[in-house]
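Structure record follows, encoded as structure tokens.
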Amino acid sequence: MKYNYSDETIPQDQRKDINTKIEYIVNNDLPESETGISKDDIFNAYTGLGGLHGLQFSSYNSYYDYQKAKAEIEQGQFFTPYKLVEWIYNCLHISNTDLVADLTCGHGSFVSCCPVEANFYGCELDGKSYRVAKYLYPDAKLENTDIRFYEPKVTFDYVVGNPPYNLRWSKDDNSYLSEYYYCLKAAELLKPAGIMAIIVPLSFCADDFSDGGMIAGLNEHFNFICQVELDKNTFKHLGVENYKTKVLFVQKRSKYLENVGYNKDLLSGVSSDEIWKKYLKPVTEKRESIKQKVFLETVRGGKEDTNWQYRIEKLLYDIKRNPLTSDLYAECCEYVSQYRNQKKPEHIAWDEWERLKIKKPDVEKHLKSALRKQNPIKSKTNRVIKNNYSFELDGEALDINQAVLSNGASTRPFDTKWMARLIDKKSQEYSAQNVSFENMQPDKEIAAWLNTFELSDDEETIRLNDAQKRDINLFLQKRYSFIQWEQGSGKTLAGITIGKYRLEKKQVKNVFVVSTAIAIKNNWNDVLTQYGIDYYMIEKLADIQGIKPGQFVLITLNMMCKYHKFIKRYVKSICQKAVLILDESDSISNMDSKRTKTVLNAFRRLRYKTLMTGTSTRNNIAEIFPQLELLYNNSINMLSECPEIQERNKKNDNELEWKDNEYYMKPYPAYKKAISCLLQAIFRTKLQCLVLASSHKIYSMQIISNR
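Per my numbering, the sequence shown starts with residue 12, numbered consecutively.
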């Protein structure tokens, strides 16, 4: 210890006067010969603001208000007793070559025992305490600044300290408990495998539930060593009695060290020698044995800053080289310079400065907005604009569906080559989907592929029969198909054939098989395994990340209810290039069910869809509507062909009245609005379904009124 320690306790009522006199001596740099007060006296007598608030609890409405006012005055200045400082140093056995830091050093308690004063770094926000510390330890590298903005340009072997307790500190739009932020800052400044020893309240990270976030943060940055409970009257000399604290020893993580999670177990009544031999010595020896590796790890540290710097330089280079943005280059460089050189004005509070200062995301956002000007927004005047469902030209609109239905006959004044090509493409797709199966002929190329298709295992080889080949040939000529074969007709085999064909012809990247749990686990899982087909089953959220191109993806309807948003995100990432095989499609016959909504949400935009069931309807014809909506996604392949609909009179429920159908020759609207429209359309009507006998594929619906 640099100065002679006196165990004399200063009376509480004299502390403020003594502090004021010491601050006067330090500020004016008065010599001992003039004042009769030595540095040893200052070392023992200066006690800071802790316990000198002078407030009465009875003057406040709540304990919270009292504590808040008290914290503003004291600023957490409860200086560490020198005996405890010495005990911590005896636990650590710091060498003469180690760099040590205290990130809230106060009047310099922890500097007193440092083997080499010049190797000690620290920062202190309070100007009075900082000046006392600098007066007592002139060789130490101390700064009068906030811990949140302390940048010493070096990394440390040890971080020690006694941070303020239970304060809230804001940094980068986040709020942290002061003790926890001290740990995070220490993790930034410590070398890999460096050791931290700090004094914290006994309640810090003591509960797995309420402190779970902080414990996870500690485990992310540190390996646990031990923690030692201190006497509850450790800070009694500062007017704080019966306050339980502990010393937490942790080591910064390194890829060369085995990870050790946080442990709530406490040691009590142990000597510094016991702590050193049992806990710190093995850790220190291990750190010395990997010293060279840790040095390289330290040199490679700051990779995140290096990556950020590279991105900024790349953005500036792109701005400079582009003729449309080069004029903004000087201004962007100036903005980056402002970020690097910004300093907090003295008249602004720290919390306000946190909101006003330029941050890294602000710099990237500014440069990207400048670079985005290389693609200026074009004027919409005298230019055809394509929206989701229409073309626009100078305020006039042309419905794309109507243009397709009329074969592009009414596109003036929208005549452009690209628009004509788009309408022609959509017309061809509409015609191919709209043609009835009885008017179709088998495709020779598809037929040749089906003739060679087979599934085999160790015991047998399965090939399609002639009836299956004919129907599947027709299905493969369309993007959307509905298979209603009877039980035992080979619907599963048809689904596998369709999926294999789409994959081999590079039309899709995956085949999604969705059905009930029984169908997936007792049928599809067994069949795909039996015939050696590459498949992947979704049973938990993490499985979605494991999907590979070319796989059959099996998922039950129950799993769809849980993970439909993430499935939808994956399908969108592959540009909807997938085929849906919905087995037992009558499971989504209820428009209000969660199953129906989730399947529609995830797969309604897929490029290819095949629905399979032996019973498309169970009780009434309206049950087929959710299946058709999934199949056709409310497109022009799903037109409402009823010119009039019949509905109940709002004033008299027994009276029916006819009204014009606002969706006549338009696609049914999505969701519940559509089902209402459909129910009105079939009210007191007969429904005739023309069904292809061999495949039971619904290809046309006519509603005939009873008028």
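By construction, the Cβ of each residue, glycine as well, lies at the ideal position given by its N, Cα and C atoms. Everything numeric in this text was worked out from a predicted model, so none of it was measured.
For residue i, the first and last residue of its enclosing alpha helix (DSSP H)
i, result
"ARG731", "Residue coverage of the chain in this structure runs from 12 to 718, which leaves residue 731 outside it and unanswerable."
"SER300", "292-300"
"TYR16", "That residue, TYR16, is in no alpha helix (DSSP H); it is neither H nor E in DSSP."
"SER526", "Here SER526 belongs to no alpha helix (DSSP H); instead the beta strand (DSSP E) covers 521-526."
"VAL374", "371-382"
"VAL122", "From DSSP, VAL122 is part of no alpha helix (DSSP H); its letter is neither H nor E."
"LEU201", "Counting along the chain, LEU201 falls outside any alpha helix (DSSP H), though it belongs to the beta strand (DSSP E) covering 201-212."
"ASP28", "26-39"
"GLY138", "138-147"
"VAL127", "VAL127 -> no alpha helix (DSSP H), and no H or E assigned at all."
"LEU367", "361-367"
Sequence-distant residues of its chain with Cβ nearer than 6 Å to residue i (five each side left out)
i, result
"ALA129", "ASP150"
"ILE531", "LEU565, THR567"
"ILE53", "ILE33"
"LYS480", "LEU461"
"SER189", "PRO174, PRO175, LEU178, TRP180"
"PHE694", "Annotation note: pLDDT 38 at PHE694 (below 50); position unreliable, no value reported."
"ASN101", "SER283"
"PHE577", "ILE555"
"LEU259", "ILE209, VAL211, GLN238"
Inter-residue CB distance, residue i and residue j (contact presumed, cutoff 8 Å)
i, j, result
"ILE99", "ALA208", "5 Å"
"THR245", "GLY172", "15 Å between Cβ atoms; not a contact."
"SER282", "GLU240", "Not a contact, Cβ separation roughly 14 Å."
"CYS216", "ILE206", "Not really, about 18 Å apart at Cβ, beyond 8 Å."
"LYS50", "LEU153", "Not confirmed; about 16 Å, so no contact."
"GLU595", "THR624", "6 Å"
"TYR619", "VAL524", "Rounded, the Cβ-Cβ distance is 13 Å, inconsistent with contact."
"LYS255", "LEU277", "That pair is no contact at about 10 Å."
"ILE635", "TYR441", "Actually they are not in contact, since the Cβ atoms of ILE635 and TYR441 sit about 21 Å apart, beyond 8 Å."
"LEU611", "GLU640", "7 Å"
"ALA11", "LEU617", "No answer is possible for residue 11: the residues shown for the chain start at 12 and end at 718."
"PRO680", "MET649", "Between MET649 and PRO680 the Cβ distance is about 10 Å, and since that is not below 8 Å, they are no contact."
"LEU475", "THR503", "Not quite, the Cβ-Cβ distance comes to about 12 Å (not below 8 Å), so this is no contact."
Close beta carbons around residue i, own chain, < 8 Å, minus the five adjacent residues each side
i, result
"MET570", "ILE549, GLU550"
"VAL111", "ILE105, PHE121, CYS125, ASN130, PHE131, TYR132, PHE167, ASP168, TYR169, VAL170, VAL171"
"GLN353", "LYS368, ILE369"
"LEU339", "ILE330, ALA381, LYS384"
Close Cβ partners of residue i (< 7 Å) along its chain, the five nearest in sequence each way excluded
i, result
"LYS304", "TYR267"
"VAL127", "ASN107"
"SER598", "THR527, LEU568, ARG606"
"GLY501", "GLN479"
"ILE48", "ILE36"
"ARG264", "HIS232, PHE233, ASN234, ASN270"
"GLU497", "GLY625"
Enclosing beta strand (DSSP E) for residue i [first to last residue]
i, result
"CYS237", "233-240"
"ALA112", "111-113"
"LEU153", "152-154"
"SER438", "SER438 -> not in any beta strand (DSSP E); alpha helix (DSSP H) instead, spanning 428-445."
"TRP180", "179-182"
"ALA217", "Run containing ALA217: none; DSSP gives neither H nor E here."
"THR256", "256-263"
"CYS134", "131-134"
"ASN185", "185-188"
"VAL415", "Per DSSP, VAL415 belongs to no beta strand (DSSP E); it is in the alpha helix (DSSP H), 411-416."
Which listed residue (the options) has its alpha carbon closest to that of residue i
i, options, result
"VAL251", "PRO92, ALA613, LEU41", "PRO92"
"TYR35", "SER73, VAL122, ARG142, ASP51", "ARG142"
"LEU136", "ASP113, LYS502, ASN30, LEU147", "ASP113"
"GLY510", "GLN498, ILE359, GLU497, SER492", "SER492"
"GLY88", "GLU45, SER73, LEU60", "Reading the sequence as shown, one finds Gln at residue 88 and not Gly. Per the Cα distances, LEU60."
"LYS605", "TYR161, LYS371, HIS575", "HIS575"
"LEU229", "LEU200, TYR192, SER214", "TYR192"
"GLN262", "LYS255, THR256, TYR273", "TYR273"
"GLY119", "ALA198, ASN644, SER140", "SER140"
"CYS586", "LEU593, ILE592, ALA613, ASP603", "ALA613"
"LEU591", "TYR542, ILE494, MET602, LYS662", "ILE494"
"ARG26", "ARG432, ASN55, LYS13", "ASN55"
"LYS288", "SER467, TYR321, LEU409, ILE236", "ILE236"
"CYS572", "ILE529, TYR328, LEU539, LYS608", "LYS608"
"ASP477", "GLU470, ALA458, LEU466", "ALA458"
- Task: For the segment 607-670, list the beta strand (DSSP E) runs that are entirely contained and at least 3 residues long, ordered along the chain.
- Result: 619-623, 655-659
- Can you check the segment 524-608 for any beta strand (DSSP E) of at least 3 residues that lies completely inside it and give the ranges in chain order? 546-548, 563-567, 589-594
- Query: In chain order, which beta strand (DSSP E) runs of at least 3 residues are fully inside the segment 469-524?
  - Reply: With a minimum length of 3 residues, the continuous beta strand (DSSP E) runs that stay inside the segment 469-524 are 491-494.
- In the segment 313-345, which residue ranges form an unbroken beta strand (DSSP E) of at least 3 residues, counting only runs that do not cross its ends? Runs of the beta strand (DSSP E) inside the segment 313-345: none found.
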